[in-house]
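Here's the structure we're looking at; comments come further down.
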Amino acid sequence: MHLSEEQRFNQALIKLAVLFYQVDRKILLSEQDYLEELVESLEWDSPICREAYVNEVIYQTRTALDTGDAADILRSLQADLAFNASQALEVAMAMSGVDGERSEEETELLSLLTHKILARELTASRVELPAAS
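Each position in the sequence shown, counted from 1, maps to that position plus 354 in the working numbering.
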């Protein structure tokens, strides 16, 4: 089945959220709640149900983090997140701050996201980028 651009973006947004909530290796209820709310808010047009997709993404992300591939995951999402770069940044900022603090790993990923991966799209849409750390 051919997925729409919006569906690919929604799936990338879920991957982004899961990456940001797992990267610091501390999974909090507030992060899980935010992820559930995000997933339920997205239009879904895929033969794979949302829950199965999220479970697979969680497994893949955990495996990638075990091998130190967080930045590679983020880079792999670039084309799909460009569909709505400002929403992608909003989700990354929210997920990384929902627990009240940003870990060093979250801060590094945010910097990579805003200053490399989505920089062109965010600048074109005049989104104010957070300062690099």
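Where a beta carbon is used, it is the ideal one built from N, C-alpha and C, also for glycine.
Hey, would you say L443 sits closer than 8 Å to L472, going by beta carbons?
Yes, the Cβ-Cβ distance between L443 and L472 is below 8 Å.
Apart from the five residues on each side of it in sequence, which residues of its chain come closer than 8 Å, Cβ to Cβ, to V377?
Correct list, in chain order: L419, A424, S457, E459, E460 and L463.
Taking C-alpha atoms, which residue in M449, S358 and F437 lies nearest to D399?
With distances taken between Cα atoms, D399 lies closest to S358.
Can you name the start and end residues of the alpha helix (DSSP H) that F374 belongs to?
Per DSSP, F374 belongs to the alpha helix (DSSP H) from E359 to Q376.
Pick from A448, H356 and P401: whose alpha carbon is nearest that of E391?
Cα-wise, what sits closest to E391 is A448.
Looking only at its chain, what residues have a beta carbon closer than 8 Å to the beta carbon of T415, apart from the 5 residues adjacent to it on each side?
Contacts found: K369, V372, L373, Q376 and I427.
Nearest residue (CA-CA) to V411, options R474, L367 and A436
Considering only alpha carbons, the answer is L367.
Neighbourhood of Q432 by C-beta, 8 Å cutoff - its chain only, sequence neighbours within 5 removed:
Hits under 8 Å: I471 and L472.
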